[in-house]
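Residue numbers (UniProt numbering): 1 to 407.
Here a beta-carbon is modelled for each residue, glycine too, at the ideal position from N, C-alpha and C.
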Amino acid sequence: MERAELRMKVLFLTMVKINSFRDRGIYNDLLRKFYKEGHEVYAVCPIERREKKKTNLIKETEGTILNVQTFNLQKTNIIEKGIGTLAIEYQFLSAIKKNLCEIKFDLIIYSTPPITFSKVINFIKKRDNAYSYLLLKDIFPQNAVDMKLLKQDGIMHNFFLKKEKRLYDLSDTIGCMSEANVEYILKHNPTIKLEKVEVNPNTIEPISLIQENSEKINIKKKYNLPLDKKILVYGGNLGKPQGVDFLLETIEVNLHREAFFLIVGSGTEYKKLSEWFQVKKPRNALLLNGLSKTDYDLLLNACDVGMIFLHKDFTIPNFPSRMLSYLEMKKPIIAATDTNTDIGKVIEKNNCGFSVISGDILAMNRAIERVLDEDNLSNMQENAWNLLHNEFTVDKSYDLIIHKINV
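Below, the structure is given as structure tokens:
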């Protein structure tokens with residue numbers, strides 16, 4: 001019997017906090033898929049110092065979650081974040097040895113960030129002869145160089161380059177978010193064999209959220225959104241990688257358009273946005289702090305267009321997972337990005353939105369005008385839903401991983 005036909009024990013390592021397998025998200029959905037297919041699932045994730053909780057195990061029907069006490073990794077100063085990123089593999093390894101020592105794993109899946117899981121992966125591979133699959137969601141340290149957080153060819157840059165190479169070497173397969181990511185990895189890592197890399201995109205288990213028009217009106221009233229304008233929403237992280245200056249410029253130059261901009265999120269640039277809103281008091285925009293996934297989905301479904309922003313200086317091809325939320329709620333998308341990502345090409349190829357280069361305000365204004373055309377809006381809604389089901393469902397990610405193990 002082939003390996004993947006057996007009931008496998010699957011270990012998943014992540015920097016993302018997993019409170020429950022039943023929550024919705026790209027990793028939760030994938031792990032639930034493994035459970036539904038008969039596999040035994042274990043997830044290891046951080047519980048940050050600020051939460052004041054010790055390392056602990058949570059057992060659910062769908063699997064086991066090992067929460068490992070770590071330093072603060074998100075929304076903290078760069079020194080603690082750096083120390084925490086370096087320490088996490090030792091903390092994870094120690095916790096696995098102590099709490100999951102009797103489990104022999106068949107498959108180990110892990111995502112970037114971080115690139116510092118090598119000791120854990122190497123230990124499990126050697127001890128259990130496990131297959132290792134990397135879900136490459138972030139290309140570090142180059143993204144930090146792009147954002148001028150690391151100096152090109154500096155001591156820390158070279159240190160993390162070695163960590164990156166080690167992680168790629170340990171991975172039996174590297175699953176990239178898009179074709180542009182595959183090309184980038186192969187171009188900048190010539191020792192990696194072509195057959196080791198494949199496109200394994202961000203995927204979800206879609207839901208169909210039906211809202212009556214009266215419900216949408218009530219939601220808009222709840223958040224003080226206008227009822228007579230189309231709502232363009234940006235939802236997600238608000239950090240330097242998003243290039244929020246262009247987002248603010250877009251709002252400012254569209255004061256007289258029949259469109260309203262809604263920003264929902266949190267991150268290192270939230271304070272900057274909040275101060276801008278306090279000073280400018282734009283009548284065509286609203287800033288909300290991050291909402292729960294359930295509340296955000298209900299709000300998003302009541303809006304009209306989704307927006308993606310990426311900093312113009314990126315040389316790596318980011319592919320933000322927030323696109324999936326827009327597609328799931330049948331929202332056309334405007335993507336303002338750098339020239340290296342292919343997310344805009346995917347959106348335009350499938351006729352579910354428009355792509356512009358971040359900083360090109362004339363192109364952005366044309367895109368807004370076009371997307372708000374009623375005929376375009378209606379057609380793109382269905383195209384968005386079709387694209388999600390054709391390319392970005394969790395079944396695809398699962399099948400790709402299982403196929404690799406069976407080869």
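Closest by C-alpha distance to residue i, when choosing among the options
i           : options                           : result
GLY235      : MET329, LYS151 and LYS52          : MET329
VAL197      : PRO206, ILE185 and THR203         : ILE185
LEU11       : ILE251, VAL356 and PHE92          : PHE92
MET380      : GLU164, LEU136, ILE334 and LYS187 : ILE334
PRO332      : VAL182, VAL356 and MET307         : MET307
ILE402      : VAL68, ASP338, PHE354 and TYR131  : TYR131
residue 408 : THR203, MET364 and PRO226         : No answer is possible for residue 408: it lies beyond the span of the chain, which begins at 1 and ends at 407.
PRO190      : ASP169, ASN200 and LEU209         : ASP169
GLU62       : PHE21, ILE108 and ASN77           : PHE21
VAL253      : GLY359, GLU48, ILE47 and ARG24    : GLY359
GLU382      : LEU167, ILE217, GLU195 and SER208 : SER208
ILE115      : MET156, ILE108, LYS165 and ARG322 : LYS165
GLU51       : ASN72, ILE316 and GLU37           : ASN72
LYS104      : VAL41, ALA384 and PRO317          : VAL41
ASN351      : ASP375, ILE361 and MET364         : ASP375
ILE357      : LEU247, LYS280 and GLN74          : LEU247
THR315      : LYS187, ILE219, THR85 and ASP297  : LYS187
ASN129      : PRO320, ILE108 and SER325         : ILE108
ILE47       : THR70, ASN99 and LYS281           : THR70
PHE140      : ASP106, GLY82, ARG127 and LYS126  : GLY82
GLY265      : LYS98, ASP146 and LYS75           : LYS75
LYS54       : GLU80, ASN99, LYS229 and LYS216   : ASN99
PRO317      : LYS125, LYS97, MET156 and ASP146  : ASP146
GLU80       : LYS97, ARG49 and ASP106           : ARG49
Classification of residue i by the beta-carbon crowding that lies within 10 angstroms, buried from 16 upward
i      : result
MET8   : buried
ASN181 : buried
THR14  : buried
CYS101 : exposed
HIS39  : buried
PHE159 : exposed
GLN142 : buried
SER378 : exposed
ARG322 : buried
ASN19  : exposed
LYS163 : buried
VAL279 : exposed
LEU167 : buried
ASN406 : exposed
MET364 : buried
C-alpha gap between residue i and residue j, whole angstroms
i      : j      : result
LEU387 : SER178 : 14 Å
ARG366 : LEU372 : 10 Å
LYS312 : ASP29  : 31 Å
THR337 : PRO241 : 10 Å
LEU66  : LYS17  : 10 Å
ALA144 : LEU150 : 5 Å
ASN122 : LEU161 : 18 Å
LYS271 : ASP245 : 13 Å
ALA384 : GLY154 : 43 Å
ASN213 : LEU227 : 11 Å
LEU6   : LYS222 : 50 Å
THR85  : ALA43  : 18 Å
LYS59  : LEU194 : 39 Å
GLU275 : GLU183 : 40 Å
GLY113 : SER325 : Here residue 113 turns out to be Pro, not Gly, going by the sequence shown. If I take the Cα positions, the gap works out to 21 Å.
THR64  : CYS45  : 11 Å
PRO282 : VAL120 : 49 Å
LYS230 : TYR296 : 17 Å
Whether residue i touches residue j by CB criterion (8 Å)
i           : j      : result
VAL68       : ALA95  : yes
GLU205      : THR393 : yes
LEU225      : LEU273 : no
TYR133      : LYS404 : yes
ASP138      : LEU232 : no
GLU89       : SER111 : no
residue 408 : LEU300 : The first residue shown for the chain is 1 and the last is 407, placing residue 408 beyond what the model contains.
residue 412 : GLN211 : With the chain running from 1 to 407 in the structure shown, residue 412 is simply not present.
ILE361      : THR250 : yes
GLY267      : LEU310 : no
SER355      : ILE368 : no
ASN284      : LEU255 : yes
LEU298      : ILE192 : no
LEU135      : ASN200 : yes
Just checking, does the stretch 25-38 make contact with the stretch 393-404 on the three C-beta pairs under 8 Å criterion?
-> The way I'd put it, the stretch 25-38 does touch the stretch 393-404; three or more beta-carbon pairs between them come closer than 8 Å.
Touching by the beta-carbon criterion (3+ pairs, under 8 Å), the stretch 167-175 and the stretch 283-299 = The answer is no - the stretch 283-299 does not touch the stretch 167-175, with fewer than three Cβ pairs under 8 Å.
How do the stretch 335-345 and the stretch 253-267 stand: do at least 3 beta-carbon pairs fall below 8 Å, yes or no?
-> As far as the Cβ criterion goes, the stretch 335-345 does not touch the stretch 253-267, which means the pair count is below three.
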